[in-house]
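Using this note's numbering, read the sequence shown as starting at 2 and increasing by one per residue. Report on one structure; see the data block that follows.
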Amino acid sequence: MVAYTTESVAYTTESVAYTTESGAYTTGLVACTTESVAYTTESVACTTESVAYTTESVACTTESVAYTTESVACTTESVACTTESVAYTVESVAYTTESVAYTVELVA
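See the structure below:
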């Protein structure tokens, strides 16, 4: 009977130790899961922010390209206008020279 009781106490002690160890393991597992969830949440937030930044960057680049295209078109138009203006000035000078020559001839 004493041997049985001793064995029973030993078994109970081992069972308590196992339960304690199991509880500690479960606590560690819960802590690890909580940390993993927090990390995943932070990772999702970071990815969302990164996507938003990339979207904004693409929009900015698109706007910049449109502005550059418009600027090039404006410069091209300005060069054409300047060329036309120079041609008109040359023609005007030639006309004035011819007019002066005609006036001199008329006076003479």
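The beta-carbon is built from N, C-alpha and C at its ideal position, and this holds for glycine as well.
The beta carbon of Ala39 sits closer than 8 Å to no other beta carbon from its chain once the five residues preceding and following it are set aside. Glu57 and Glu92 have their C-alpha atoms roughly 52 Å apart.
In the displayed model, Ala95 falls within a helix according to three-state DSSP. In the three-state reduction of the DSSP assignment, Ala109 falls in the coil class.
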